[in-house]
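A.B. asks: Residues in the sequence shown are numbered consecutively from 2, following our numbering.
Here it is, the structure, as structure tokens.
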Amino acid sequence: MNTVTYRPATLQVVATTRTSSRHAGLDRDDVVKAALLLVDEGGPEALTMRRLAGELGVATTTIYWHVGSRDDVVDAVIRRHGERLGEQATSGDTPRQRVMSVARHLWESALAHQGITRLAELHGETSVLNKHLEVAMARELTAAGVVGEDARDALRAILICVGGFLVLALRDERAITPERSRTAVWSGVEDPDVDPSTRLALTTQVDLPALFEQTVQNVVDTYVPEG
């Protein structure tokens with residue numbers, strides 16, 4: 002399977018994030034912005050108190066003073082990025098289109114900001130990260146007349162579908178030896194009860210983004226009425 006890669010979107014961070022903190026007036030917001038940038042560029046492992054302090058030109062005690070421990074910094078980073086995700090506009094003329102728009106935001110933002118996606122997963126805060134987008138989806142479901150347990154089932158089904166695709170898109174293909182890849186394994190299957198054209202197709206790569214669009218749209222269409 003091809004690894005899906007997206008060029009990280011530029012964060013809304015002022016150009017002087019790494020230097021302004023060397024001036025008077027460093028505050029919590031400066032620390033969180035710098036931490037966000039570290040994770041976005043270098044992944045979760047890049048976020049250490051020492052490195053963050055170095056980027057800001059301060060002692061680590063300053064970070065503890067303004068934000069708290071590393072866990073506090075992680076939580077602040079995830080919540081801040083989640084707020085930014087919630088600022089994305091929902092597009093579409095119909096309820097289905099708008100719900101699909103939110104699902105697409107979840108997919109694209111996770112791929113564009115893989116470091117923060119991994120950070121949230123490592124710390125069990127994926128729901129916190131996606132909170133604002135989930136609320137946006139629930140709002141669109143309500144507008145479509147899907148409420149109560151029906152809305153719960155719809156939202157969860159869509160999120161599970163998006164999450165499954167993200168697992169495949171974000172997995173490290175380097176950890177899989179060529180002979181153990183899904184396509185290689187299927188090349189050795191000779192089951193007569195499986196159509197030859199199916200066996201052949203399963204030895205080829207899939208267009209994951211296109212399959213995502215088709216599959217998630219089908220799930221959305223199942224739960225959200227036309228409008």
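For each residue, glycine too, the CB sits at the ideal point set by N, CA and C.
Sort Leu120, His124, Gly87, Leu123 by Cα distance to Leu107 and report the nearest one.
C.D. replies: As a first step, residue 107 is located in the sequence shown; it is residue number 106 there, counting from the start. Checked all of Leu120, His124, Gly87, Leu123; the closest Cα to Leu107 is Gly87.
A.B. asks: Excluding sequence positions up to five away, which residues of its chain have a Cβ less than 6 Å from the Cβ of Thr118?
C.D. replies: Within the sequence shown, the letter at position 117 stands for residue 118. The residues are Ala111.
A.B. asks: Leaving out five residues before and five after Thr184 in sequence, what residues of the same chain have Cβ atoms less than 8 Å from its Cβ?
C.D. replies: Reading the sequence shown from its first residue, position 183 is the one you call residue 184. Same-chain partners within the cutoff: Met2, Leu203, Thr204, Thr205, Gln206.
A.B. asks: Quick check: the stretch 60-78 against the stretch 27-36, are there 3 or more CB pairs under 8 Å?
C.D. replies: They touch, by the three-pair rule.
A.B. asks: Counting only runs of 4+ residues fully inside the stretch 87-139, write out the alpha helix (DSSP H) ranges in chain order.
C.D. replies: DSSP runs (the alpha helix (DSSP H)) wholly in the stretch 87-139: 96-113, 115-123, 127-130.
A.B. asks: Is the CB-CB distance between Gly116 and Val40 below 7 Å?
C.D. replies: Residue mapping note: residue 116 aligns to position 115 of the sequence shown, counting from 1. Residue mapping note: residue 40 aligns to position 39 of the sequence shown, counting from 1. Yes; because the gap between Cβ atoms is below 7 Å, this pair is in contact.
A.B. asks: Tell me whether Arg181 is buried or exposed, calling it buried when 16 or more other Cβ atoms sit within 10 Å of its Cβ.
C.D. replies: Here residue 181 refers to the residue found at position 180 of the sequence shown. The residue in question, Arg181, is exposed, as its Cβ has fewer than 16 Cβ neighbours within 10 Å.
A.B. asks: Are there 16 or more other CB atoms within 10 angstroms of the CB of Ile83, so buried, or fewer, so exposed?
C.D. replies: Here residue 83 refers to the residue found at position 82 when the sequence shown is read from its first residue. Inspection of the sequence shows that residue 83 is occupied by Gly rather than by Ile. Buried.
A.B. asks: Using a Cβ-Cβ cut-off of 7 Å (strictly less than) and excluding sequence neighbours within five positions of Pro179, which residues of its own chain qualify?
C.D. replies: Walking along the sequence shown from the start, residue 179 turns up at place 178. Result list for Pro179: Ala185, in chain order.
A.B. asks: Quick check: the Cα distance between Ala60 and Ala54, rounded to an integer number of angstroms?
C.D. replies: If you number the sequence shown from 1, residue 60 lands on position 59. If you number the sequence shown from 1, residue 54 lands on position 53. Near 6 Å, if we compare the C-alpha coordinates of Ala54 and Ala60.
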